[in-house]
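Just so you know, the sequences run in chain order H and C. According to this note's numbering, the residues represented by the first sequence are 1 to 341, in order. According to this note's numbering, the residues represented by the second sequence are 1001 to 1341, in order. Reading through the structure tokens given below for one structure.
Number of protein chains: 2
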Amino acid sequence: MSNTTIKILAKELNLSVASVSKALRDSHEISKETKEKVLALAQKLNYVPNPYASSLRKRKSKTIAVVLPEVADSFFSLAINGIESVAQDKGYHVLIYLTHESFAREEAILNEFKSGRVDGILISVSDETNTSDHIKQVIASGKPVVFFDRVCDDVEAAKITTDDMESSYQATHHLVMNGCRKIAYLYTSKNLSINDKRMEGYKKALSDSGLKINEDFIVLCEGNTAGNFEIIRNLLKNKNRPDGIIACVEKLTTPIYLACHDLKLAIPDKIKVISFTNLQAALILSPPLTTVTQPAFEMGKTAAMVLFKALEKNNYNLKKETIVIPSQLTIRSTTKKDLGV
Amino acid sequence: MSNTTIKILAKELNLSVASVSKALRDSHEISKETKEKVLALAQKLNYVPNPYASSLRKRKSKTIAVVLPEVADSFFSLAINGIESVAQDKGYHVLIYLTHESFAREEAILNEFKSGRVDGILISVSDETNTSDHIKQVIASGKPVVFFDRVCDDVEAAKITTDDMESSYQATHHLVMNGCRKIAYLYTSKNLSINDKRMEGYKKALSDSGLKINEDFIVLCEGNTAGNFEIIRNLLKNKNRPDGIIACVEKLTTPIYLACHDLKLAIPDKIKVISFTNLQAALILSPPLTTVTQPAFEMGKTAAMVLFKALEKNNYNLKKETIVIPSQLTIRSTTKKDLGV
DNA sequence: CTTATCAGCGAAAACGGTTTCGTAAATAAA
DNA sequence: TTTATTTACGAAACCGTTTTCGCTGATAAG
Chain H
1 MSNTTIKILA KELNLSVASV SKALRDSHEI SKETKEKVLA LAQKLNYVPN PYASSLRKRK
61 SKTIAVVLPE VADSFFSLAI NGIESVAQDK GYHVLIYLTH ESFAREEAIL NEFKSGRVDG
121 ILISVSDETN TSDHIKQVIA SGKPVVFFDR VCDDVEAAKI TTDDMESSYQ ATHHLVMNGC
181 RKIAYLYTSK NLSINDKRME GYKKALSDSG LKINEDFIVL CEGNTAGNFE IIRNLLKNKN
241 RPDGIIACVE KLTTPIYLAC HDLKLAIPDK IKVISFTNLQ AALILSPPLT TVTQPAFEMG
301 KTAAMVLFKA LEKNNYNLKK ETIVIPSQLT IRSTTKKDLG V
Chain C
1001 MSNTTIKILA KELNLSVASV SKALRDSHEI SKETKEKVLA LAQKLNYVPN PYASSLRKRK
1061 SKTIAVVLPE VADSFFSLAI NGIESVAQDK GYHVLIYLTH ESFAREEAIL NEFKSGRVDG
1121 ILISVSDETN TSDHIKQVIA SGKPVVFFDR VCDDVEAAKI TTDDMESSYQ ATHHLVMNGC
1181 RKIAYLYTSK NLSINDKRME GYKKALSDSG LKINEDFIVL CEGNTAGNFE IIRNLLKNKN
1241 RPDGIIACVE KLTTPIYLAC HDLKLAIPDK IKVISFTNLQ AALILSPPLT TVTQPAFEMG
1301 KTAAMVLFKA LEKNNYNLKK ETIVIPSQLT IRSTTKKDLG V
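The structure is reproduced here in structure tokens:
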């Protein structure tokens, strides 16, 4: 119950609150002896400064916000670890907000940030987000914003992404090199720029290989595994089915495996699979999954570091910084070349 | 940049700050017309109240803390979703802190909570935690604390757990029923009560089945997958190797599969495996993994709900509440009974 | 010896809300 | 008409800290 305040310390020591405050902040205006006395009593009474009083006065909250679609995905789990590690290092606190892929929520959350609650924002936008006024407003209110992974192209702010286009190109190319001619591309959102880029890489790789793009093989999936299972199953039970699949979202992996198993389509003999995922379990799947893994932890970490650069210096024009951290294609059994074609 | 304050609204409307404040909070002391005027201007100037000023005066932060070991695990990812969903519902903000399994960090983090930064705490303790003074002090300072999953037995507070003992008993029993006689138990921490309970269930199931407990089969693993691979490999390459494994932590799954594969030990023919995990990918592993899945989302959600019950009423003695949400044993191929023994 | 400098501290004004209490006018009760 | 009550608002204290500025006494410089 004992909420020790500076006032209490001051009274106890026959000092003014001003002096106590300065002593605690190790000001040169205070003599060594008084500082020691103050520190000792603070220790003894277990004094913990009220952060909100301090924030109010200093107009700094020592807090950042992380707004994410969800933490279901292993990408965001790892990203949070990266972010938190540097925040804790810098003595900052991190507020977490989930949009659940809803633009309305994202808007409401961002609107709050115009107050002084946070000093800066790390955001990966929802897949419903196709306008960005809410973000621009926050930036206009003076808060630095750093995008990571899912960005808004039309907002001028720091952006930490991975090489979505290139890695998708490589993945597609890898399938082509291993014999695929009819490659399907599975995705879950029309809005995300990240998706545009991956699809662009996919299409470009096909074109560069002289393969034509079949729009029937570009299929939009949805939220739940059961529904996706049906969608994928329908795609694969077709006579003219694809001989390769690229899943650009982690959660599509399970329904793909299930659908192939259900249809008795052997991976990789009948169909080859690549998934964008950070699941460690990829290498113990049956068969082990060829993956494009994003540098999730690194992305979170550098996003946070860029944000802190903006927070620590008053040099706000650092904000146009754009960092691309490459993803990695890890080749395993699901894309193994057929020996006897 | 425009940080609209109540003072600005007041001046603009020729009202006192008191009246504006009351109007915004829809006080009965203010006439309908003035309220409308105030609301309109607030809207127009995009007024967002400063939360810290409000927190300072009201001595409420509308913020809770969630302190976790890590979010690497899918359990905690799901739990965060559960927590955040109810917090957002109640209009609360959630600060997230990771201890990285370090007691020192946990202590430092908890110590901060004696200030008014948060109104309540949700915690799953680090595996180094074997004293609980830091938690008791926070409770003594008047903040409600709710444990979830990993609890401190000697602290009087609300606790949301799963039936670790029973589910472990069932898992072990399931292995016994399917023919295992030499069952190994793999764990990663000596301290956690959650682990004691799981081990207790394991031992009890063995005893009840008339099997003797072999201490060599109770093996302590560590943090990284590579090291665990070696440990498990050593266990399994033994002449007198186990014919069943229970992994009480998700991250042990991968090294188990790898070690078995490396030693060409067929699962489930040569060795059967059960893992405590929430990985959705369990059903597409090779072979599909029998799991004990914890109700992660539910646990997070009810932990938050219990906390809010304490926050909303002044009835603090609700705090001795203990809720156990059962885990689920999902039987898949890794424990399939041998047909021809 | 006089004046500038400096070390060490305190008074008080912020920061932006909330809340208590008082008060004037309007209305209702007597 | 007088008194009581209600309505609608304002003044000011307050939450706990930070920060500016001023003050005193001591020391250094001239």
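Each residue gets a CB set at the ideal place from its N, CA and C atoms; glycine is no exception. No experiment lies behind these values; they were computed from the predicted model shown.
Quick one: Cα of residue i to Cα of residue j, how far?
i         : j         : result
H:Val324  : H:Thr161  : 5 Å
C:Lys1270 : C:Lys1182 : 12 Å
C:Gly1227 : C:Arg1233 : 10 Å
C:Ile1083 : C:Arg1150 : 16 Å
C:Leu1192 : H:Ser327  : 37 Å
C:Met1001 : C:Glu1250 : For C:Met1001, the pLDDT reaches just 40, beneath the cut-off of 50, and the residue's location in the model is therefore unreliable, leaving the point undetermined.
C:Lys1320 : C:Ala1158 : 5 Å
C:Asn1343 : C:Thr1099 : Because chain C in this structure spans residues 1001 to 1341, residue 1343 of chain C falls outside the shown range and cannot be described.
C:Pro971  : C:Lys1090 : Lying before the first or after the last residue shown, residue 971 of chain C is absent from chain C, which here runs from 1001 to 1341.
H:Ala18   : H:Gln43   : 18 Å
H:Val219  : H:Gly179  : 21 Å
C:Glu1222 : H:Leu13   : 50 Å
H:Ile6    : C:Ala1140 : 20 Å
H:Val20   : H:Val38   : 7 Å
C:Lys1337 : C:Ile1274 : 13 Å
H:Ser118  : C:Ile1123 : In the sequence on display, residue 118 of chain H carries Val and not Ser. In a straight line, the C-alpha of H:Val118 is about 23 Å away from that of C:Ile1123.
H:Thr254  : H:Glu106  : 28 Å
C:Asp1026 : C:Lys1143 : 29 Å
H:Val341  : H:Ser167  : Reliability fails at H:Val341, whose pLDDT of 44 lies under 50, so the model's placement of it is uncertain and the value that follows must be treated cautiously. If I take the Cα positions, the gap works out to 27 Å.
H:Ala386  : H:Lys35   : Residue 386 of chain H falls outside the range modelled here, since chain H spans only 1 to 341, and no answer is possible.
H:Leu206  : H:Leu289  : 22 Å
C:Asn1335 : C:Arg1241 : According to the sequence shown, residue 1335 of chain C is Thr rather than Asn. Taking the straight line joining both Cα atoms gives about 17 Å.
C:Pro1295 : C:Lys1011 : 54 Å
C:Leu1285 : C:Ile1256 : 12 Å
H:Leu311  : H:Gly120  : 7 Å
C:Thr1004 : H:Val67   : 24 Å
What are the residues that DSSP puts in a beta bridge with residue i?
i         : result
H:Ala247  : H:Leu186 and H:Ser275
C:Val1145 : C:Ile1121
H:Lys159  : H:Phe147 and H:Thr322
C:Val1048 : C:Val1048 pairs with nothing; no bridge assigned.
H:Leu366  : As displayed, chain H neither begins before 1 nor continues past 341, which places residue 366 of chain H out of reach and without an answer.
C:Thr1330 : C:Thr1291
H:Ile218  : H:Tyr185
C:Thr1063 : C:His1093
H:Leu285  : C:Leu1285
What residues from chain C crowd round residue i, counting only those whose CB sits closer than 9 Å?
i        : result
H:Glu298 : Those do not exist, as H:Glu298 stays about 15 Å from chain C at its closest Cβ, beyond 9 Å.
H:Gly342 : This structure cannot settle anything about residue 342 of chain H, because the visible part of chain H is limited to 1 through 341.
Using the beta-carbon of each residue, which ones in chain H are nearer than 7 Å to residue i?
i         : result
C:Ala1053 : Leu56
C:Glu1070 : Asn81
C:Leu1279 : Ala281
What does residue i touch in chain H if you count any residue whose Cβ is under 9 Å from its own?
i         : result
C:Glu1112 : Val48, Pro51 and His93
C:Ser1286 : Ile284, Leu285, Ser286, Pro287 and Pro288
C:Leu1098 : Ile80, Asn81, Glu84, Ser85 and Gln88
Quick one: which chain C residues come within Cβ less than 7 Å of residue i?
i        : result
H:Arg117 : Pro1051
H:Leu252 : What H:Leu252 touches in chain C: nothing, since even the nearest Cβ is about 11 Å away.
H:Glu106 : Neighbours of H:Glu106 on chain C: none; closest Cβ ~12 Å, over 7 Å.
H:Ser354 : Nothing can be reported for residue 354 of chain H, as the shown portion of chain H is limited to 1 through 341.
Could you work out which residues of chain C lie near residue i, taking near to mean beta carbons separated by less than 8 Å?
i        : result
H:Ile353 : Nothing in the structure corresponds to residue 353 of chain H, since chain H is present only between 1 and 341.
H:Leu258 : Leu1283 and Ile1284
For a contact defined as C-beta to C-beta under 8 Å, what are the partners of residue i on chain H?
i         : result
C:Ser1061 : Tyr52
Exercise. Can at least three beta-carbon pairs, one atom from the stretch 99 to 113 of chain H and one from the stretch 1126 to 1140 of chain C, be found at a separation below 8 Å?
Worked result: no
For this session: Indicate whether the contact test is met: 3 or more Cβ pairs, each with one atom in the stretch 45 to 64 of chain H and one in the stretch 258 to 268 of chain H, closer than 8 Å.
Result: As far as the Cβ criterion goes, the stretch 45 to 64 of chain H does not touch the stretch 258 to 268 of chain H, which means the pair count is below three.
Problem set entry | the stretch 1163 to 1179 of chain C touching the stretch 1328 to 1337 of chain C, judged by at least three CB pairs closer than 8 Å | Under the three-pair Cβ rule at 8 Å, the stretch 1163 to 1179 of chain C counts as touching the stretch 1328 to 1337 of chain C.
Exercise. Listed in chain order, which residues of the stretch 134 to 157 of chain H have Cβ atoms closer than 9 Å to some Cβ of chain C?
Worked result: Listed in sequence order: Gln137, Ala140, Ser141 and Gly142.
For this session: Decide if the stretch 1204 to 1213 of chain C is in contact with the stretch 1305 to 1314 of chain C; the criterion is three or more beta carbon pairs, one per stretch, under 8 Å apart.
Result: no
Problem set entry | Segment contact flag, the stretch 69 to 89 of chain H with the stretch 291 to 299 of chain H, C-beta cutoff 8 Å, min 3 pairs | yes
Problem set entry | Selection of the stretch 306 to 331 of chain H by Cβ proximity to chain C, strictly under 7 Å | none
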